[in-house]
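Numbering (my numbering), first residue to last: -11 to 37. Ideal Cβ placement from N, Cα and C applies to all residues, glycine included. All of these numbers come straight from a predicted model, not from anything done at the bench. Written out below as structure tokens is the structure these notes cover.
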């Protein structure tokens, strides 16, 4: 499973992940660890050049 989430900035990301839906989304990987051998997460901040 591959998921890419995109926000305008880190403040928007933190607000979204702190919401009720965001917390449920964050719980999904923990609930599925028994099904998958590894879980990797990456947070990238892209800057315009």
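- Linking residue 14 to residue 36 through their CA atoms gives a straight-line distance of about 28 Å.
- In the three-state DSSP reduction, residue -6 falls in the coil class, being neither helix nor strand.
- Taking the Cα positions, residue 10 is about 14 Å away from residue -1.
- Each residue's CA atom was taken as its position, placing residue -4 and residue 33 some 10 Å apart.
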